[in-house]
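Q:
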Amino acid sequence: SLIDAIDAIEPPVRPENKPLRLPLQDVYKIGGIGTVPVGRVETGIIKAGMVVTFAPSNVTTEVKSVEMHHEQLVQGVPGDNVGFNVKNVSVKEIRRGNVASDSKNDPAKEAASFNAQVIILNHPGQISAGYAPVLDCHTAHIACKFAELIEKIDRRTGKTMEASPKFVKSGDACIAKLVPSKPMCVESYNEYPPLGRFAVRDMRQTVA
Numbered sequence: 063s064l065i066d067a068i069d070a071i072e073p074p075v076r077p078e079n080k081p082l083r084l085p086l087q088d089v090y091k092i093g094g095i096g097t098v099p100v101g102r103v104e105t106g107i108i109k110a111g112m113v114v115t116f117a118p119s120n121v122t123t124e125v126k127s128v129e130m131h132h133e134q135l136v137q138g139v140p141g142d143n144v145g146f147n148v149k150n151v152s153v154k155e156i157r158r159g160n161v162a163s164d165s166k167n168d169p170a171k172e173a174a175s176f177n178a179q180v181i182i183l184n185h186p187g188q189i190s191a192g193y194a195p196v197l198d199c200h201t202a203h204i205a206c207k208f209a210e211l212i213e214k215i216d217r218r219t220g221k222t223m224e225a226s227p228k229f230v231k232s233g234d235a236c237i238a239k240l241v242p243s244k245p246m247c248v249e250s251y252n253e254y255p256p257l258g259r260f261a262v263r264d265m266r267q268t269v270a
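The sequence shown begins at 63 in my numbering and counts up by one.
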């Protein structure tokens, strides 16, 4: 299937050689230490002294220390679940779903809209422009509107089958323009696979 084919694509660059992307799972306030965001390093490395930016909150700060399982790390690498202490940031300014990145190396940015390949798996009716389900992408959970159905594509080959379709239904694949209801950080699958995959949730199930 198309999903298997996507998963079989081996990313050519080792993830630690890419710029940092670290989606936050939680943000803790720890007495005597301060604000400690926690999350999994997806690409790049994080280490003390680095100046990180949180998107889409647009907060920039210095990393004071990085730890995993209560032990200080020289650096966190892809796959590590780390906590890191940041200077002068209140726990109110950043939250789950934010993405930490290196302010000096391709920092993560908010997407006002994005085009995505969507495979409709499990929806009882027809999906047309205006549909607004919830997207789960990395640790973010945000309502997004299908602003436009750009084209219907063949699930196996990716070739265009119909331009500007009126609707799509279960079993169809399409390219759609999605508009998040509030600021959201996404990336292209080619550059940052973990931030380019998402599930579309509606009616308590995964619909696409």
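For each residue, glycine too, the CB sits at the ideal point set by N, CA and C.
(1) Starting from VAL92, trace the alpha helix (DSSP H) in both directions and tell me its first and last residue.
(2) Around the Cβ of MET246, are there at least 16 other Cβ atoms within 10 angstroms (buried) or fewer (exposed)?
(3) On a CA-only basis, which of THR115, GLY159, TYR90, GLN188 is nearest SER152? Give me that one, please.
(4) One question on the structure: do SER190 and LYS154 come within less than 8 Å of each other, judged by their Cβ atoms?
(5) Which first and last residues belong to the beta strand (DSSP E) in which ALA194 is found?
(6) Roughly how many whole angstroms lie between the Cα atoms of VAL262 and PHE116?
(7) If we count Cβ pairs, one from each stretch, closer than 8 Å, do we get three or more for the stretch 174-190 versus the stretch 217-234?
(8) Classify ILE95 as buried or exposed, calling it buried when 16 or more other Cβ atoms lie within 10 Å of its own Cβ.
(9) For ASP234, name the three-state secondary structure that DSSP assigns.
(10) Do ALA238 and LEU211 have their C-beta atoms closer together than 8 Å?
(11) If I follow the unbroken beta strand (DSSP E) through ALA209, where does it start and stop?
(12) When you compare each of SER119, SER63, GLY145 to ALA202 by their alpha carbons, which one comes out closest?
(13) In or out: ILE156 buried (at least 16 other Cβ within 10 Å) or exposed?
(14) Identify the continuous alpha helix (DSSP H) that holds ASP69 and give its terminal residues.
(15) Expressed to the nearest angstrom, what Euclidean distance is found between the alpha-carbon atoms of PRO186 and SER63?
(16) VAL113 and GLY145: beta carbons closer than 8 Å?
(17) Is the beta carbon of VAL128 sitting closer than 8 Å to the one on LYS109?
(18) By Cβ distance below 6 Å, which residues in the same chain neighbour CYS206 in space, the five residues on each side in sequence not counted?
A: For this structure:
(1) At residue 92 the sequence reads Ile, which differs from the Val that was named. Counting along the chain, ILE92 sits inside no alpha helix (DSSP H); it lies in the beta strand (DSSP E) bounded by residues 84-92.
(2) Burial check for MET246: the Cβ neighbour count within 10 Å reaches 16 or more, so the residue is buried.
(3) Closest by alpha carbon: TYR90.
(4) Not a contact, by the Cβ cut-off of 8 Å.
(5) ALA194: not part of any beta strand (DSSP E); DSSP gives it neither H nor E.
(6) Rounded to the nearest whole angstrom, the CA to CA distance from VAL262 to PHE116 is 24 Å.
(7) Short answer: they touch.
(8) Here ILE95 is exposed, its C-beta having fewer than 16 other C-beta atoms within 10 Å.
(9) Shown here, ASP234 sits in coil according to DSSP, grouped into three states, outside any helix or strand.
(10) Closer than 8 Å, so yes.
(11) For ALA209, the enclosing beta strand (DSSP E) stretches over residues 202-215.
(12) That would be SER119, whose Cα lies nearest to the Cα of ALA202.
(13) Flag for ILE156 reads buried.
(14) Start and end: 64-70.
(15) Each residue's Cα considered, the two are about 21 Å apart.
(16) Cβ distance not < 8 Å, so VAL113 and GLY145 don't count as in contact.
(17) Yes, these two residues count as a Cβ contact at 8 Å.
(18) Taking C-beta separations shorter than 6 Å and ignoring five residues to either side along the sequence, the partners of CYS206 in its chain run LEU197, LEU240, PRO242, following chain order.
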